[in-house]
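In this text, residue positions in the sequence shown follow the working numbering: the first is 700, and each later residue adds one.
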Amino acid sequence: MVDSESVRAAYDKFSDIYDKSWAVYIRRHKEWLDQNWPAHCPEDGCVLDLGCGTGWALAHLFKTRPALHLTGVDFSEEMLKISRETVPSAELLCGDITDPDFFAARPKSDIVLSIGILHHFTDMDAHLRDLSRLTAPGGTAFLSTFALEGEMMRKFDKLFRKKLPSAYNEILPHAELTGKLHELYPDAEIRSTILRSDGATRLQCFILNFDSG
Ligand SMILES: C[S@@+](CC[C@H](N)C(=O)[O-])C[C@H]1O[C@@H](n2cnc3c(N)ncnc32)[C@H](O)[C@@H]1O
Numbered sequence: 700m701v702d703s704e705s706v707r708a709a710y711d712k713f714s715d716i717y718d719k720s721w722a723v724y725i726r727r728h729k730e731w732l733d734q735n736w737p738a739h740c741p742e743d744g745c746v747l748d749l750g751c752g753t754g755w756a757l758a759h760l761f762k763t764r765p766a767l768h769l770t771g772v773d774f775s776e777e778m779l780k781i782s783r784e785t786v787p788s789a790e791l792l793c794g795d796i797t798d799p800d801f802f803a804a805r806p807k808s809d810i811v812l813s814i815g816i817l818h819h820f821t822d823m824d825a826h827l828r829d830l831s832r833l834t835a836p837g838g839t840a841f842l843s844t845f846a847l848e849g850e851m852m853r854k855f856d857k858l859f860r861k862k863l864p865s866a867y868n869e870i871l872p873h874a875e876l877t878g879k880l881h882e883l884y885p886d887a888e889i890r891s892t893i894l895r896s897d898g899a900t901r902l903q904c905f906i907l908n909f910d911s912g
């Protein structure tokens, strides 16, 4: 069972070295966003980055698509502090994205990003359901998380379960997560790819285009 205090504390502590430690991961994701940015997203559309961390994704979007309205949410004040420096023009909110009331009064977004956060939730399915709840009809969600593929990733999973038992749930094999998404969203167009990241780390990246109807 993941305890949100432990997750927050881990990132508060890790914030200073995060971008350096995950440099390749960040670069791969920027390329992935660029290559797959939906043509139907309005130039001044709204983007919501769930667990935005240090804000590198929002900063990249600000640089490449400056008319977008950018919002990031994270519950680590130390990560958000860096976001505020990285992308001062974005709306940056401190809050728990698993809290169903947090987004209640907010309009849905054209694009929702969930990058590198799924393994921190006890209820992964609830987070997967939130993707469509928070995305406007006809909008797109980008979901990326580690993939339990290969010996290295199995070791990584084991190590993190042992070292951070209250901040880390597990990572899923690609086939399992793909199956979950198709079951939850039979009408969505779902594309996926596996990316190599830092070391032998593998990422499973999904683009979900939700029905406009
Ligand atoms: C691995 S980092 C990913 C950050 C960024 N999306 C990236 O890919 O670099 C996970 C982030 O999610 C945030 N986070 C985890 N659980 C959260 C929750 N329930 N509510 C808000 N933020 C959360 C953490 O504070 C941390 O900044």
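Note that the Cβ used here is the ideal one computed from N, Cα and C, for glycine as well.
Sequence-distant residues of the same chain with beta carbon closer than 7 angstroms to Ile796, five excluded per side: Within the sequence shown, residue 796 is the residue found at index 97, counting from 1. These residues qualify, in order along the chain: Leu749, Gly750 and Val772.
Own chain, CB closer than 8 angstroms to Thr753, minus 5 neighbours either side, in chain order: Along the sequence shown, one-based indexing puts residue 753 at 54. The residues are Ser714, Tyr717, Asp718, Met778, Ile781, Ser782 and Thr785.
Cβ pair Leu863, Ser705 closer than 9 angstroms: The residue you call residue 863 lines up with position 164 of the sequence shown. The residue you call residue 705 lines up with position 6 of the sequence shown. Contact flag set, yes.
Completely contained beta strand (DSSP E) runs for the region 712 to 776, where each covers 3 or more residues: Correct list: 745 to 749 and 768 to 773.
Same chain, Cβ closer than 6 angstroms to Ser896, five either side skipped, listed in chain order: Within the sequence shown, residue 896 is the residue found at index 197, counting from 1. Cβ within range, chain order: Val723, Tyr724, Arg727 and Leu902.
Host beta strand (DSSP E) of Phe841 (start-end): Numbered from its first residue, the sequence shown carries residue 841 at position 142. First-last of the beta strand (DSSP E) with Phe841: Thr834 to Phe845.
Unbroken alpha helix (DSSP H) run spanning Arg860, endpoints: For the purposes of this step, residue 860 is taken as the residue at position 161 of the sequence shown. Note, Arg860: alpha helix (DSSP H), Glu850 to Lys862.
Helix, strand or coil at Val786 according to DSSP, with G and I counted as helix: Taking the first residue of the sequence shown as position 1, residue 786 is located at position 87. Coil at Val786, not helix or strand.
Ser911 classed as buried or exposed, judged by whether at least 16 other C-beta atoms fall within 10 angstroms: For this step, residue 911 is matched to residue 212 along the sequence shown. Exposed, since its Cβ has fewer than 16 Cβ neighbours within 10 Å.
Endpoints, beta strand (DSSP E) assigned at Thr892: Stepping through the sequence shown from its first residue, residue 892 is reached at position 193. It spans Glu888 to Arg895 - the beta strand (DSSP E) in which Thr892 sits, taken as one unbroken run.
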